[in-house]
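Participant: By my numbering, the letter at position 43 of the sequence shown is numbered 49, and the numbering carries on one by one without gaps.
Even for Gly, the Cβ is constructed at its ideal location relative to N, Cα and C.
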Amino acid sequence: MVANGYSPVSFRSAMRRAAASAWQRDALINAVPERVEQVRAQQILVRQRDTAEGVIRQLDAGADFATLAAKYDPNTGGILGWFPHGYLTQPAVEEAAFALQPGEYSPVVETDFGYHIIYVIERESDRILSVDARLTLQHLALDSWLEARRSASTVEILLP
7 MVANGYSPVS FRSAMRRAAA SAWQRDALIN AVPERVEQVR AQQILVRQRD
57 TAEGVIRQLD AGADFATLAA KYDPNTGGIL GWFPHGYLTQ PAVEEAAFAL
107 QPGEYSPVVE TDFGYHIIYV IERESDRILS VDARLTLQHL ALDSWLEARR
157 SASTVEILLP
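(1) Helix, strand or coil, according to DSSP, for Q107 in the structure here?
(2) Exposed or buried, which one is A154 when buried takes at least 16 other CB atoms within 10 Å?
(3) Figure out for me which residue from S131, L141, F119 has the closest Cα to the Cα of R55.
(4) Based on the DSSP secondary-structure assignment, which residues constitute the bridge partners of V115?
(5) Please check the pair A139 and F89, which I expect to be a contact at CB under 8 Å, by giving their CB distance rounded to whole angstroms.
(6) Please identify the residue among T95, S13, L106, Y121 whose C-alpha is closest to the C-alpha of I62.
(7) From the DSSP secondary-structure annotation, give me the bridge partner or partners of G87.
(8) Is the beta carbon of D132 less than 9 Å from the beta carbon of R18?
(9) Just mark Q4 as buried or exposed, buried being the case when its beta carbon has 16 or more other beta carbons within 10 Å.
(10) Are the beta-carbon atoms of V99 and Q49 separated by less than 9 Å?
(11) Does DSSP put R53 in a helix, a strand or coil?
(12) Distance check for V161 and W151, CA to CA, integer angstroms please.
(13) According to DSSP, is E59 part of a helix, a strand, or is it coil?
(14) Leaving out the 5 sequence neighbours to the left and right, which residues in its chain are closer than 7 Å to F71 when beta-carbon positions are compared?
(15) What distance in whole Å lies between the Cβ atoms of R31 and L141, which are believed to be in contact at a cut-off of 8 Å?
Dropping the structure here:
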């Protein structure tokens, strides 16, 4: 202890702070539920609005979404998979997906990546989160808590 610059009192104080910090972190992480509402969706993502509007016209005329998605994304067919609220990096895409019922597609959604058309394949109100989704939501919970603490804090710099 002494070799590391701690007195018995300062060491106990540091250990209490570390334990309180770990307890707070664990409480935030464990507050993320294991089961939440999720949708399984697919997207068509294009760079030009005209192209996206053309895809909408084809869908309105009865074209199959999966076939068109495979045309524009031959590697994955536009599959987004299952995801909960708060998981996607583009909130507009997520908002569009959760506004749809299975079998419905969205109007054109513009993001920094381009123009999306979202199709909901399935929806479950109480689905188990994937490990990746749960970890992502846990990190977001910690980040949100930390940001709230930062914005509520005042830092005052006193110069001698």
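Facilitator: In this structure, then:
(1) Here residue 107 corresponds to residue number 101 of the sequence shown, with the count starting at 1. Of the three classes helix, strand and coil, the one that applies to Q107 here is coil, per DSSP.
(2) One-based indexing of the sequence shown puts residue 154 at position 148. Per the 10 Å Cβ criterion, exposed.
(3) Indexing the sequence shown from 1 puts residue 55 at position 49. The option with the nearest alpha carbon to R55 is F119.
(4) Taking the first residue of the sequence shown as 1, we reach residue 115 at position 109. V115 pairs with H122.
(5) Residue 139 sits at position 133 when you count from the first residue of the sequence shown. Residue 89 sits at position 83 when you count from the first residue of the sequence shown. The Cβ separation is near 6 Å, so the contact holds.
(6) Here the question's residue 62 lines up with position 56 in the sequence shown. Of the listed residues, the one whose Cα sits closest to I62 is Y121.
(7) Residue numbering aside, residue 87 sits at position 81 when the sequence shown is read from its first letter. DSSP lists A47 as partners of G87.
(8) Numbered from 1 along the sequence shown, position 126 holds the residue referred to as residue 132. Numbered from 1 along the sequence shown, position 12 holds the residue referred to as residue 18. Not in contact: D132 and R18 (Cβ atoms no closer than 9 Å).
(9) The shown model of the chain, from 7 to 166, leaves out residue 4, and the question about it has no answer.
(10) One-based indexing of the sequence shown puts residue 99 at position 93. One-based indexing of the sequence shown puts residue 49 at position 43. Yes, Cβ-Cβ distance for V99 and Q49 is below 9 Å.
(11) Here residue 53 corresponds to residue number 47 of the sequence shown, with the count starting at 1. Coil, per DSSP.
(12) Taking the sequence shown and counting its residues from 1, the one referred to as residue 151 is at position 145. Taking the sequence shown and counting its residues from 1, the one referred to as residue 161 is at position 155. C-alpha separation (whole angstroms): 18 Å.
(13) Start at 1 with the first residue of the sequence shown, and residue 59 comes out as number 53. Residue state, collapsed to three classes: helix.
(14) Taking the sequence shown and counting its residues from 1, the one referred to as residue 71 is at position 65. Q48, L65, Y111, Y125, listed in sequence order.
(15) Here residue 141 corresponds to residue number 135 of the sequence shown, with the count starting at 1. Here residue 31 corresponds to residue number 25 of the sequence shown, with the count starting at 1. About 14 Å; that fails the 8 Å criterion.
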